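Protein chains in written order, with this note's numbering: chain G, 5 to 113; chain P, 350 to 460.
A quick write-up on the structure given underneath.
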């Protein structure tokens with residue numbers, strides 16, 4: 005089965021601390037992976053996708069095929085980063101997205 | 350450019366009733382996907398519509414059905430509602446399955 009696992013339900017850090025949100029996926033060829041973010045009372049929105057290899061709002065994520073991971077990282081967390089973060093992959097045989105259960109990031113001042 | 354809009358934002362239904370949720374896709378998008386997000390869970394894929402045809406379905410029973418209209422808007426219908434159907438229902442539109450834009454969702458409560 006194609007799965008996306010986010011082992012942490014909650015991650016709390018202080019402002020300025022590094023952040024790493026973990027995501028592991030079940031192996032199947034070359035997955036297309038995404039990070040979505042949902043700020044309080046806002047809709048789910050795309051943060052970044054691995055194929056674009058870009059940095060959005062200071063966040064980066066590197067696909068590690070050996071560890072089947074796609075962890076989201078930011079060197080210095082900001083209070084406005086507090087949100088719900090979902091890792092997702094595109095199904096290999098359809099266009100659907102398979103989401104993890106999400107990690108809530110709390111950044112304290 | 351308008352985003353994805355969903356209606357209603359909230360509704361309460363009784364077990365056994367039927368419900369219709371609506372979604373207007375983002376301008377230029379021809380593909381609509383529906384997801385169910387239960388409390389504390391990530392979104393789960395229900396089905397996708399492309400050019401008015403169902404184009405992929407998740408692990409949901411047949412009482413979950415949908416439509417897509419020529420203007421690419423879409424409806425999700427759920428018959429014989431059960432308590433476990435209580436969730437946030439998300440609609441996402443895209444151009445051919447690339448770059449999904451999500452709506453704010455419809456919060457359905459079944460009592």
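Note that the Cβ used here is the ideal one computed from N, Cα and C, for glycine as well.
These numbers were taken from a predicted model, which means no experiment stands behind them.
Separation of residue 441(P) from residue 18(G), as counted between CA atoms: 33 Å
Buried versus exposed, by CB contacts within 10 Å (16 or more), residue 46(G): exposed
CB contact below 7 Å: residue 100(G) versus chain P: yes
Residue closest to residue 354(P), alpha-carbon to alpha-carbon, out of 396(P), 451(P), 458(P): 451(P)
Residue-chain proximity (residue 90(G), chain P), Cβ-Cβ < 7 Å: yes
Reference residue 427(P), options 398(P), 448(P), 368(P), 433(P), closest by Cα: 368(P)
C-beta neighbour in chain P for residue 103(G), strict 7 Å: yes
Test: residue 52(G) CB closer than 7 Å to a CB of chain P: no
Start-to-end residues for the beta strand (DSSP E) that takes in residue 423(P): 423-427
Beta carbon of residue 104(G) nearer than 7 Å to that of residue 10(G): yes
Exposure of residue 66(G), with buried meaning 16 or more beta-carbon neighbours within 10 Å: exposed
Beta-carbon gap between residue 87(G) and residue 38(G) smaller than 7 Å: no
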